[in-house]
Amino acid sequence: MVRALLYLPDDAAPRLAAAPVAGRTLTVRAMVAALRAGASRIAVPSTLRDAEVERALRRMSALAAAVRWLAPDSPAPAEEPAPWLLLPASSLIHVDALAGLLAAPAPRGAVLAPSAAGPAPVALAPTALVAAWWKDLAAGRPVGAALARQLAEAGAELRAATGPHVTVREAGDLDRAEAALQATLGIAVDSGVDRHLHRRCSRWISRLLVRTPVTPNQVSLVSLTIGLVAIWCFWQATAATALLGVLAYALACIVDHADGEIARLTFQESRLGATLDWTIDTIIHVGIVLGIGVSSGGRLMGVVGLLAAAGVTLSAIFTRYLPREIEVGPTAGGLLKHIANRDVFYLMLLSFAALRWLAPPLVFVVAVVVAVGSQVYWVGCLARIRRPRP
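Now the structure itself:
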């Protein structure tokens, strides 16, 4: 168990702590980092209390329950075994950066290595050290340089940062902080097309929308609308509409990536949002493969399209619940994840468009491959899930 305390490292800190980075102020980001790092209590000088902080507390009940506002006359903390996580309110500290700092006890304290030499140490400190500076900490007076010096004199252990950390000392550093956050937006299941196309485009959208009241779920609905255009393009498709469908699908994917980025940047992740995102993805993929079957011509190919749609639906369900420990790596589970990524889906769409243009009688091949492949995929997922784990 750890307690957290936000402090002001220097005279510029109050202004910089209130500055927004990707839609949320540095103060709010430090508070959320402390909460997600496992802090049961987050002490914050009242000088940092502003409208943006209050808005964040209204949106996040768990954060509001953990925050304790400090006044200049707040009593010093009682001696407890739990250490204090000291976070400079004007620095960007991603929760991932704190994993190494909090990994093991530190009787003499520990400091995040990149912050040790500067005036804004991110530290794990014993209660005695915090008590010695309590009046200044509670009053919101600048204490960064003094804390860094005392931690060094006490022999605090240096620990590596395991995620983004940027010391913000002037307004020009805010851009570096935002760039560091943007670099964290990819997820483990991103394919090559996701990394090199979708993410590069979606970050422009998310960078703009985090500064607006637009919610991630609203962006998801825009993705659905664009996806429905892609589905329409593949029904009774010509070569031209098939190519237009590929472009519409790419745009839907870009917007789909933006909704998750906005959620992570603004701390609006939710189970509802994740379910909505998955449902929209499934609707778009199912609609497109069904359209490919219909476009291949004849009642038989319509049935093939239905089989493909059913297979894609079951594949989406089983992919969602494929256990994490078998979904990655050089295993059958890892293979299943890789063959289900967007790169393969793009290959299928482009193959359909090319055949519709160059060899229309052969477009049925794509529908058959999708129908067979999707059935094999979900059966493989089911077999992998049911296999006894070592």
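Mapping to this note's numbering: the sequence shown position 161 is 161, numbers consecutive.
Virtual Cβ for every residue (Gly too), placed ideally from N, Cα, C.
Check: Pop quiz: W69 and T127 are said to be a contact at Cβ under 8 Å. What is the actual Cβ separation, rounded to whole angstroms?; Outcome: At roughly 20 Å, the Cβ-Cβ gap does not stay under 8 Å, so W69 and T127 are not in contact.
Check: Could you check what DSSP says for I317 in three-state terms: helix, strand or coil?; Outcome: helix
Check: Where does R271 land, buried or exposed, given buried means 16+ other C-beta within 10 angstroms?; Outcome: exposed
Check: When you compare only the Cα positions, how much space is there between N341 and E79?; Outcome: 53 Å
Check: Are S91 and T162 touching if we call contact CB-CB under 7 Å?; Outcome: no
Check: Nearest by alpha-carbon distance to D259: which of V246, P164, R195, D277 is it?; Outcome: D277
Check: What are the residues that DSSP puts in a beta bridge with Y7?; Outcome: P88
Check: In the DSSP assignment, the beta strand (DSSP E) including A39 goes from what residue to what residue?; Outcome: 39 to 45
Check: List in chain order: all unbroken alpha helix (DSSP H) runs of 4+ residues lying wholly within the region 103 to 150.; Outcome: 113 to 116, 127 to 132, 134 to 139
Check: Take S202 as the anchor and find which of I284, Q182, S40, M1 has the nearest alpha-carbon.; Outcome: Q182
Check: By Cβ distance, which residues of its chain are closer than 8 Å to R59, with the 5 residues on each side in sequence left out?; Outcome: F267, Q268
Check: If contacts are defined as beta-carbon pairs under 8 Å, then A19 and L174 qualify, I think. What distance do you get, rounded to the angstrom?; Outcome: 6 Å
Check: Measure the beta-carbon distance from P164 to A180 and round it to whole angstroms, keeping in mind my assumption that it falls under 8 Å.; Outcome: 4 Å
Check: Assuming G245 and A239 form a contact by the criterion Cβ under 8 Å, report the distance between their Cβ atoms to the nearest whole angstrom.; Outcome: At roughly 11 Å, the Cβ-Cβ gap does not stay under 8 Å, so G245 and A239 are not in contact.
Check: Does the count of Cβ pairs from the region 211 to 222 and the region 190 to 202 closer than 8 Å reach three?; Outcome: no
Check: Report the residue from G23, G293, I226 whose alpha carbon sits nearest the alpha carbon of I280.; Outcome: I226
Check: Quick one: is P9 buried, meaning 16 or more other Cβ sit within 10 Å of its Cβ, or exposed?; Outcome: buried
Check: Please confirm whether G311 and S351 have their CB atoms less than 7 Å apart.; Outcome: no
Check: Three or more C-beta pairs under 8 Å: does that hold for the region 358 to 376 against the region 248 to 264?; Outcome: no
Check: Leaving out five residues on either side along the sequence, give the residues of the same chain with a beta carbon under 6 Å from the beta carbon of V95.; Outcome: A33, R36, A37
Check: Given a cut-off of 7 Å on the beta-carbon distance, is the pair G109 and L158 in contact?; Outcome: no
Check: Considering Cα atoms alone, identify which of E153, I292, R320, T319 is closest to V369.; Outcome: I292
Check: Distance check for A39 and V111, CA to CA, integer angstroms please.; Outcome: 17 Å
Check: Tell me where the beta strand (DSSP E) around T167 begins and ends.; Outcome: 165 to 167
Check: What residue range is occupied by the uninterrupted beta strand (DSSP E) comprising V189?; Outcome: Careful: V189 lies outside any beta strand (DSSP E) and carries neither H nor E.
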